[in-house]
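**Q**
2 protein chains.
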Amino acid sequence: MIPVVTPGGAIGILGGGQLGRMLALAAARLGLKSHIFCPPGDNPGTHVCDAITLAEYDDSAACDRFASSVDVATYEFENIPLACVERIASRVAVRPGIGALRISQDRLHEKDFIRQLNIATAPYTAVDHAGELSRAAAEIGFPAILKTRRLGYDGRGQVALRGPDDLAGAWEKAGGAPCILEGKVDFAREISVVAARGGDDAIACYDPPENTHRDGILDISRVPADITVEIAAAAKALTARLLAALDYRGVIAVEWFVLKDGQLAVNEFAPRVHNSGHWTLDACAVSQFEQHIRAICGWPLGDPARHSDAEMRNLIGEEVEQWASLAAQPATALHLYGKAEARKGRKMGHVTRLFPKDGLA
Amino acid sequence: MIPVVTPGGAIGILGGGQLGRMLALAAARLGLKSHIFCPPGDNPGTHVCDAITLAEYDDSAACDRFASSVDVATYEFENIPLACVERIASRVAVRPGIGALRISQDRLHEKDFIRQLNIATAPYTAVDHAGELSRAAAEIGFPAILKTRRLGYDGRGQVALRGPDDLAGAWEKAGGAPCILEGKVDFAREISVVAARGGDDAIACYDPPENTHRDGILDISRVPADITVEIAAAAKALTARLLAALDYRGVIAVEWFVLKDGQLAVNEFAPRVHNSGHWTLDACAVSQFEQHIRAICGWPLGDPARHSDAEMRNLIGEEVEQWASLAAQPATALHLYGKAEARKGRKMGHVTRLFPKDGLA
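As you go down the protein sequences, you meet chains A and B in turn. Numbering follows the working numbering, with no gaps: position 10 of the first sequence is 10. Numbering follows the working numbering, with no gaps: position 209 of the second sequence is 570.
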């Protein structure tokens, strides 16, 4: 058991983007206050919280003041500097723990950790410098993807290698930093399990959505996925194994490849709420955001059952200009993130269409 | 049509209680900012908004600054001083309009207005001073309720008169101000219609919940109500007539008595979001709070259809101490308002249990 943060308490959130914003909104529903820490900029999370610290993550004094003002701290993204989180953790509980964060910040460590639990991943090998790339390609084969070990997201820091001709220049394109080379998996579909482990070690998994991407960014999450109940149950059970091994408190998102023979392999995990769980805001009594707040505060986890089927679609960049026509759709929940500028590739909002359960049209 | 407040715009909300709070949370979901104006105190709405004005409602300079900082203004309660709203309305649109507010602030005007639309109310007569009470009682009969014309809510300013013996002292008990005497209606049940009229004159009605009270305060709202589809349709149609007559923009709540013969009579209306509509947060794609924000911003109204049946229960005073066990219930959404002190009779939160549609256990 972990100490309980009672109603009226303050949640510290590192990061002021849309995930921090939706975490703050969920905390508010439970009578909790939010304090958001982020560098100055276009930070939509700061529009909906009770306290704001605008500072760089390496500002030690700001970290200390922030830590002293909250009852528990969390983060909205895994690429936050570890030193900042460690400093805050010396003064107040940070959940999920530092361990999960450290592992997830490095693709090599992440995959090694998953393998060691006897959970499958794509084939991979470390590529520490440019000279190792041809050896790695010989081991993994083609097609493959060269991925930086650190600081990649939404397809950044990734280079697709279709054959030997693509090796030249690939190292520089990926960023010129230590990488892994990952064999491309010939999967039938991609699903994700958004799940929480609470202060009492209880685990609650939402039903896995099926995810499709466009230009390396999540486009649509649809629940239920077109998979058997056995595959859904296996994905949840493996996710629960991962949560327990990490001694995790909070929401995690694990992306799974469903292979053509029905076997499952991890693509990657994110130690936080996740874009593929946004449908839970509208199709479940308790959303992934509230579930995360409950878990880090030592509250009972909420019921992850869905009352409706759902299809979530991201609004990327100028797609957000469709807001008025989307707002008029039946059985539709529109979510706009309050970002000032609709840059290309930027997540500006999402829209979830609900359907009667077990009847996705 | 009214001018549209686009994403990124600022909503001014008069009042910092739980309704203002839930309006601000709904505005955030649409990418809008909220500025809350309220007197200093325990104001949970101020925990979740982008800007705060802490001032008395008769502070003209504060009203002017507030009005200049927002794109549209609204209010969370009808007992706000009219002069404040009029001053703000001279600088920025206030919705719903001043007209509906003025009518709803006086029970006599409200009932006269409804009657004039050929909509039934309880029998009533004005009681301007103590000396008129026995004349009024002879006209209305017993049992009856003496209600102050102004500033009553949650049963305050009301005195039940069972017979002639209750007349003595009743005027003083009600507050010694102009009243109406209302005949008690022998109703089968009470329902309410929460409905919105948008900038394009479109009207959207949620399904009417059945409401039960305890100690003069709403206890439970259950949807669907135990009424025929014809009665539900009639209540919606009459509510739509009222909205059009008021040239209303925003959400209104009309409380209806369902008489034993199936006829409908208005109990009262509130020119705002309403406690009996809280279930829409969890059982509809678009809640009453978001619907109000859409209506005052000139957006298309959201689909008011419910995806689930629901039972909403208020948490009054120390009932909020049950939060941990309520949080653990299946298919249940807990809402806590972030109020610092759980005083007797104070609305501290609510809890909504969802059920598959058309199957309230």
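Built from N, CA and C at the ideal position, the CB exists for glycine as well.
Closest Cβ-Cβ distance between A/Arg95 and chain B: below 8 angstroms?
**A** The residue you call residue 95 of chain A lines up with position 95 of the first sequence. Judged by the 8 angstroms Cβ criterion, A/Arg95 is not in contact with chain B.
**Q** If you count every other CB in all the chains shown that lies within 10 Å of the CB of A/Ala361, and 16 or more means buried, which is it?
**A** One-based indexing of the first sequence puts residue 361 of chain A at position 361. Because A/Ala361 carries a pLDDT of 37, less than 50, the predicted location of this residue cannot be relied on, and no value is offered for it.
**Q** Where does the unbroken alpha helix (DSSP H) through B/Glu471 begin, and where does it stop?
**A** Residue 471 of chain B sits at position 110 when you count from the first residue of the second sequence. Where B/Glu471 is concerned, the enclosing alpha helix (DSSP H) stretches over Arg468 to Gln477.
**Q** How would you call A/Lys260, buried or exposed, if buried means at least 16 neighbouring beta carbons within 10 angstroms?
**A** Walking along the first sequence from the start, residue 260 of chain A turns up at place 260. Exposed is the call here.
**Q** Can you list, in chain order, the residues of the region 403-429 of chain B whose Cβ is nearer than 7 angstroms to any Cβ on chain A?
**A** Under the 7 angstroms Cβ criterion, the region 403-429 of chain B contributes His408, Val409 and Asp411.
**Q** Please compile the residues from chain A whose C-beta is within a distance smaller than 8 angstroms of the C-beta of B/Asp664.
**A** To locate residue 664 of chain B, count along the second sequence from 1; it is residue 303. Neighbours of B/Asp664 on chain A, chain order: Gln329, Pro330, Ala331 and Thr332.
**Q** So what does DSSP say about B/Ser686, is it helix, strand or coil?
**A** Residue mapping note: residue 686 of chain B aligns to position 325 of the second sequence, counting from 1. Helix.
**Q** Got a sec? Which residues, its chain only, sit under 7 angstroms from B/Leu607 by beta carbon, not counting five neighbours each side?
**A** Position 246 of the second sequence, counted from the start, is the residue given in the question as residue 607 of chain B. Counting only Cβ-Cβ distances below 7 angstroms, and skipping sequence neighbours, we find Gly460 and Ala461.
**Q** Name the two residues that bound the continuous beta strand (DSSP E) containing A/Cys38.
**A** Translated into the one-based positions of the first sequence, residue 38 of chain A becomes position 38. Note, A/Cys38: beta strand (DSSP E), Lys33 to Cys38.
**Q** Touching or not, the region 495-504 of chain B and the region 444-457 of chain B, by the rule of three or more beta carbon pairs under 8 angstroms?
**A** At 8 angstroms Cβ cutoff, the stretches do not touch.
**Q** Quick one: is the Cβ of A/Gly183 within less than 7 angstroms of any heavy atom of the ligand MN?
**A** The ligand content of the structure shown is nil, which means the ligand MN is not present either.
**Q** Residues in the region 582-599 of chain B with C-beta within 7 angstroms of chain A's C-beta atoms, listed in sequence order?
**A** From the region 582-599 of chain B, no residue has a Cβ closer than 7 angstroms to chain A.
**Q** What's the call for A/Pro96, buried or exposed, on a 16-neighbour Cβ count within 10 Å?
**A** The residue you call residue 96 of chain A lines up with position 96 of the first sequence. Classification for A/Pro96: buried.
**Q** What number of angstroms, rounded off, separates the C-alpha of B/Val520 from the C-alpha of B/Val546?
**A** Against the second sequence, residue 520 of chain B aligns to sequence position 159. Against the second sequence, residue 546 of chain B aligns to sequence position 185. Using only the alpha carbons, I get a separation of about 15 angstroms.
**Q** Looking at the secondary structure, which residues open and close the alpha helix (DSSP H) in which A/Ile88 lies?
**A** As a first step, residue 88 of chain A must be located in the first sequence, where it is residue number 88. Here the alpha helix (DSSP H) through A/Ile88 covers Leu82 to Ala89.
**Q** What whole-angstrom Cβ distance do B/Val584 and B/Ala671 have, given they're in contact under 8 angstroms?
**A** In the second sequence, counting from the first residue as 1, residue 584 of chain B sits at position 223. In the second sequence, counting from the first residue as 1, residue 671 of chain B sits at position 310. That pair is a contact at about 5 angstroms.
**Q** What did DSSP end up calling B/Asp489 once you bin it into helix, strand or coil?
**A** Within the second sequence, the letter at position 128 stands for residue 489 of chain B. In this structure, B/Asp489 counts as coil in the three-state DSSP scheme.
**Q** Using the three-state DSSP reduction, which class does A/His274 fall into: helix, strand or coil?
**A** Within the first sequence, numbered from 1, the residue matching residue 274 of chain A stands at position 274. Here A/His274 sits in coil by DSSP.
**Q** Using DSSP with H/G/I as helix, E/B as strand and the rest coil, what is A/Glu182?
**A** The count along the first sequence starts at 1 and reaches residue 182 of chain A at position 182. Strand at A/Glu182.
**Q** Give the secondary structure of B/Thr641 by DSSP, where H, G and I count as helix, E and B as strand, and everything else as coil.
**A** Stepping through the second sequence from its first residue, residue 641 of chain B is reached at position 280. If DSSP states are grouped into helix, strand and coil, B/Thr641 belongs with the helices.
**Q** Consult DSSP for A/Cys63 and reduce its assignment to one of helix, strand or coil.
**A** As a working mapping, residue 63 of chain A is identified with position 63 in the first sequence. Reduced to three states, the DSSP call for A/Cys63 is helix.
**Q** So, helix, strand or coil for B/Glu679, using DSSP?
**A** Residue 679 of chain B sits at position 318 when you count from the first residue of the second sequence. The answer is helix: DSSP assigns B/Glu679 an H, G or I state.
**Q** Using a C-beta to C-beta distance shorter than 7 angstroms, which residues of chain B count as neighbours of A/Gly349?
**A** On the first sequence, position 349 is the one that residue 349 of chain A refers to. Within 7 angstroms Cβ-Cβ: Gly392.
**Q** Got a sec, what are the start and stop residues for the alpha helix (DSSP H) B/Thr482 sits in?
**A** As a working note, residue 482 of chain B is residue 121 in the second sequence. Taken as a continuous stretch (DSSP letters only), B/Thr482 belongs to no alpha helix (DSSP H), as it is neither H nor E.
**Q** In the DSSP assignment, the beta strand (DSSP E) including A/Ile52 goes from what residue to what residue?
**A** The residue labelled residue 52 of chain A in the question sits at position 52 within the first sequence. Ala51 to Leu54 is the span of the beta strand (DSSP E), which, as asked, contains A/Ile52.
**Q** By alpha-carbon positions, which one of A/Glu182, A/Ala244 and A/Asp207 ends up nearest to A/Asp358?
**A** In the first sequence, counting from the first residue as 1, residue 358 of chain A sits at position 358. With distances taken between Cα atoms, A/Asp358 lies closest to A/Asp207.
**Q** Taking the alpha carbon of A/Thr332 as the reference point, which residue from A/Gly298, A/Ala283 and A/Met348 has its own alpha carbon closest?
**A** As a working mapping, residue 332 of chain A is identified with position 332 in the first sequence. Closest option to A/Thr332, Cα to Cα, is A/Ala283.
**Q** Are the C-beta atoms of A/Ala28 and some chain B residue less than 8 angstroms apart?
**A** The residue given as residue 28 of chain A occupies position 28 in the first sequence. Taking Cβ atoms only, chain B reaches closer than 8 angstroms to A/Ala28, which makes this a yes.
**Q** Pick out the complete alpha helix (DSSP H) segments inside the region 508-533 of chain B, 4 residues or longer, and give them in chain order.
**A** Runs found: none.
**Q** Among the candidates A/Ala196, A/Arg343 and A/Ala137, whose CA atom is the shortest distance from the CA of A/Arg162?
**A** Walking along the first sequence from the start, residue 162 of chain A turns up at place 162. The residue with the shortest Cα to Cα distance from A/Arg162 is A/Ala137.
**Q** Using a Cβ-Cβ cut-off of less than 9 angstroms, list which residues of the region 652-682 of chain B approach chain A; keep chain order.
**A** Flagged, chain order: Arg655, Trp660, Pro661, Leu662, Gly663, Asp664, Ala666, His668, Ser669 and Val681.
**Q** Give the residues from the region 269-290 of chain A that approach chain B closer than 8 angstroms (Cβ to any Cβ), ordered along the chain.
**A** Result list: Asp282, Ala285 and Val286.
**Q** So, for B/Gly800: in the same chain, excluding its five sequence neighbours on each side, which residues have a beta-carbon less than 8 angstroms away from its beta-carbon?
**A** This structure cannot settle anything about residue 800 of chain B, because the visible part of chain B is limited to 362 through 722.
**Q** I want to verify the contact list: residues of chain E whose CB lies under 7 angstroms from the CB of B/His696, in sequence order.
**A** Absence of chain E from the displayed structure is noted, the protein chains being A and B.
**Q** Any C-beta of chain A sitting closer than 8 angstroms to the C-beta of B/Gly370?
**A** Here residue 370 of chain B refers to the residue found at position 9 of the second sequence. Taking Cβ atoms only, chain A never reaches closer than 8 angstroms to B/Gly370, which makes this a no.
**Q** Secondary structure at A/Met1, three-state DSSP: helix, strand or coil?
**A** Mapped onto the first sequence, residue 1 of chain A falls at position 1. Correct three-state label for A/Met1: coil.
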